[in-house]
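Numbering (this note's numbering), first residue to last: 3 to 142. By construction, the Cβ of each residue, glycine as well, lies at the ideal position given by its N, Cα and C atoms. On a predicted model such as this, the values are computed, not experimentally measured, just so you know. Quick notes on the structure that follows.
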């Protein structure tokens, strides 16, 4: 299923590819003054798969290759690229590259499991408790 982009969504895609910033893109395209509202609009736009796909297509059409960019970033980090950069600069650059190539995930997932323990015997309950305790110790 392909969704057609609205005029403003197309403008958002173009602005986002230039600025790499969803909030400022939303502020410019949607003429929003409040940064919180713009952040929400930008986030909603980036959550839409057809908008992400349009961003990816535009990046590819302009010659952007995420793998090449990441390789170049790594090489520049190792060589220094003649520019003094801090670790936070390198991390931020990596984060931006991953974000614009849709490889950065800012989500947490919650998994809910339900089971009927009324029918379990004592041994099964103890095994279940041991597994649960192990998971808690490992930080899950």
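Problem - Spatially closest choice to residue 11 from 77, 94 and 51, by CA coordinates - result: As a first step, residue 11 is located in the chain shown; it is residue number 9 there, counting from the start. The option with the nearest alpha carbon to residue 11 is 51.
Practice task
Pick helix, strand or coil for residue 66, following the three-state DSSP scheme.
Solution key: Taking the chain shown and counting its residues from 1, one reaches residue 66 at position 64. Coil.
Handout entry: Pairwise C-alpha distance: residue 117 and residue 134
Key = As a working note, residue 134 is residue 132 in the chain shown. As a working note, residue 117 is residue 115 in the chain shown. Each residue's Cα considered, the two are about 13 Å apart.
Problem - CB-CB length for residue 17 against residue 34, believed under 8 Å - result: What you label residue 17 is simply residue 15 of the chain shown in a count that begins at 1. What you label residue 34 is simply residue 32 of the chain shown in a count that begins at 1. About 12 Å; that fails the 8 Å criterion.
Handout entry: C-alpha gap between residue 15 and residue 53, whole angstroms
Key = Here the question's residue 15 lines up with position 13 in the chain shown. Here the question's residue 53 lines up with position 51 in the chain shown. When rounded, the distance between both Cα atoms is 7 Å.
Handout entry: Collapsed DSSP secondary structure at residue 140 in the structure displayed
Key = Start at 1 with the first residue of the chain shown, and residue 140 comes out as number 138. It is coil, neither helix nor strand.
Practice task
Thinking residue 24 and residue 48 are a contact (beta carbons under 8 Å), I'd like their distance in whole angstroms, please.
Solution key: As a working mapping, residue 24 is identified with position 22 in the chain shown. As a working mapping, residue 48 is identified with position 46 in the chain shown. About 5 Å; that satisfies the 8 Å criterion.
Exercise for the section: Compare the C-beta of residue 10 against all C-beta atoms of chain D and say whether one is closer than 8 Å. Expected result: Of the protein chains in this structure there is only one, and it is not chain D.
Problem - Buried or exposed (CB count within 10 angstroms, at least 16 for buried), residue 40 - result: On the chain shown, residue 40 is found 38 positions in, with the first residue counted as 1. Under this definition residue 40 is a buried residue.
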